[in-house]
Amino acid sequence: MYDPTHLRTFLSVAQTLSFTQAARRLGLRQSTVSQHVRRLEGAAGRQLFTRDTHSVELTEDGEAMLGFARRILDVHEQATQFFTGTRPRGRLRFGASEDFVLTRLPEILKRFRQEHPEVDLELTVELSGILHERLAAGRLDLVLAKRRPEDPRGELVWHDELVWIGAPGLRPDPGRPVPLIVYPPPGITRDLALRALEREGRQWRIVCTSGSLNGLLAAARAGLGVMVHSRGLIPPGLVRMPERAGLPEPGEVDFVLVHGRRRPSAQGAADALAAAILAGGDRLHRGGG
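Sequential numbering of the sequence shown, starting at 1, is according to UniProt numbering.
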């Protein structure tokens with residue numbers, strides 16, 4: 001009833017909330033993406049997206065279809081592997097940025113290990129900038145991380161808005177330097193936060209630096225200052241700063257999968273994990289924490 005090709009296209013649109021971005025990810029024309037979604041909506045007899053010239057949003061039925069689509073594609077992949085006898089194996093060095101510490105990425109990795117017991121998965125959690133450096137040096141095979149605005153590399157998992165967050169009730173004094181909670185260099189959100197403030201001529205002072213997301217969150221929850229974070233990953237106990245706080249827009253960010261130098265012993269495993277993350281990418285920010 002539901003074509004796996006149409007389901008994959010639906011998941012890509014749901015994760016990026018953009019027909020254009022989904023088309024780029026899948027290597028299809030935008031008209032083909034629209035056609036796949038229309039056919040899936042026809043098969044389901046329900047509207048899965050509401051869309052206008054500015055935005056794309058999942059309907060309630062679209063949210064329900066997410067779970068069904070993932071399960072159908074999972075079973076489809078398992079059947080394909082069973083009958084073709086292609087089971088990835090070998091050592092896979094995977095890097096994930098600190099942003100995913102509090103999301104449901106561990107669930108995706110746990111399932112991957114259950115389905116691919118012959119893969120020796122080695123996980124590195126670090127800042128996005130450091131992960132990209134290690135990937136370039138050949139020390140990682142696959143990375144899930146933010147990318148800098150000028151960097152074209154990587155397969156888009158999802159695109160998100162960056163926002164200022166802090167403790168509920170915190171109101172930075174507009175007459176004083178902005179108290180910043182930041183990652184150390186080469187943190188990507190650090191750079192974007194500083195650029196945004198400098199563009200507006202706003203003074204700032206760093207009140208906390210930590211290479212650990214939990215360290216930054218502890219400082220933010222204590223009300224020490226504000227930090228830039230992905231809108232889809234706002235952690236519990238913190239809120240988006242209101243417009244009246246007068247903080248400049250920090251911009252947008254892409255979360256991407258980037259493959260390293262193709263090691264024959266790791267290529268199959270890297271491709272399988274990349275497919276699993278792309279299929280479940282919405283789990284990383286929808287209710288992810």
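Glycine residues also receive a C-beta, built at the ideal position from the N, C-alpha and C atoms.
All values reported here derive from a predicted model rather than from experimental measurement.
Residues of its chain near residue i, where Cβ-Cβ distance is below 8 Å and the 5 sequence neighbours each way are ignored
i: P4; result: I72, L73, H76
i: T124; result: R93, F94, G95, A96, L131, R134, L140
i: G289; result: A caution first: G289 carries a pLDDT of 34, below 50, which makes its placement in the model unreliable, though a value can still be read off. Around G289: L102, T103, R104, L233, P235, P236.
i: D61; result: A44, R46, Q47, L48
i: M241; result: V163, W164, I165, G166, L170, P172, V226, L247
i: V13; result: F19, A22, V33, V37, F49, V56
i: A275; result: E77
Contact set for residue i: own chain, Cβ-Cβ below 6 Å, skip 5 residues either direction
i: A266; result: G90, L92, D141
i: L40; result: H6, F10
i: G246; result: P174
i: L17; result: V56
i: R8; result: none
i: residue 294; result: Because the chain in this structure spans residues 1 to 289, residue 294 falls outside the shown range and cannot be described.
i: G287; result: With a pLDDT of 44 at G287, under the threshold of 50, the predicted position of this residue should be treated as unreliable, and no value is reported.
i: R153; result: V258
i: G251; result: L162, L192
i: L180; result: W204, I206, G225
i: P88; result: H116, V119, G268, A269, A272
i: E122; result: R93
DSSP bridge partner residues for residue i (one or two, in chain order)
i: R254; result: Note that residue 254 is Asp in the sequence shown, not Arg. According to DSSP, D254 bridges with R147, H159.
i: S97; result: E126
i: I181; result: C208
i: G166; result: V239
i: S265; result: BP columns for S265 are empty, so no partner.
i: L92; result: L121
i: M65; result: In the DSSP output, where bridge partners are listed per residue, M65 has none listed.
i: V226; result: L180
i: H259; result: L142
8 Å contact criterion, which residue i and residue j should meet: CB distance rounded
i: L156; j: Q35; result: With 8 Å as the limit, L156 and Q35 do not qualify as a contact, their Cβ atoms being about 21 Å apart.
i: F68; j: L58; result: About 13 Å; that fails the 8 Å criterion.
i: V239; j: P168; result: 5 Å
i: E161; j: R231; result: 5 Å
i: G129; j: P186; result: 3 Å
i: L224; j: C208; result: 6 Å
i: P172; j: V178; result: 6 Å
i: T189; j: H159; result: 15 Å between Cβ atoms; not a contact.
i: Y183; j: L127; result: 6 Å
i: L213; j: E98; result: 4 Å
i: D52; j: R147; result: The Cβ separation is near 28 Å, so there is no contact.
Cutoff 7 Å; reference residue i; Cβ partners in own chain excluding five residues on either side
i: A279; result: L11, R70, L73
i: L273; result: L92, F94, F112, L142
i: M1; result: A43
i: G27; result: none
i: R221; result: A167, G237, L238
i: R263; result: D141
i: G211; result: L127, Y183, P184
i: R244; result: none
i: M65; result: F10, A44, L48
i: I277; result: I108, L144, V157, L257
i: Q30; result: F19, T20, A23
Quiz item: What residue ranges within the region 110-150 form continuous beta strand (DSSP E) runs of no fewer than 3 residues, ordered along the chain?
Solution: 119-126, 142-147
Practice problem: Check whether the region 211-222 touches the region 241-259, counting contact only when three or more Cβ pairs, one atom from each stretch, lie closer than 8 Å. | Solution: no
Quiz item: Within the chosen definition, does the region 184-204 reach the region 108-117 through at least 3 CB pairs nearer than 8 Å?
Solution: Cβ pair count under 8 Å is below three, so no.
Self-check item: Secondary structure, beta strand (DSSP E): runs of 3+ residues fully inside the UniProt domain "HTH lysR-type" (1-59)
Solution: 49-51, 56-58
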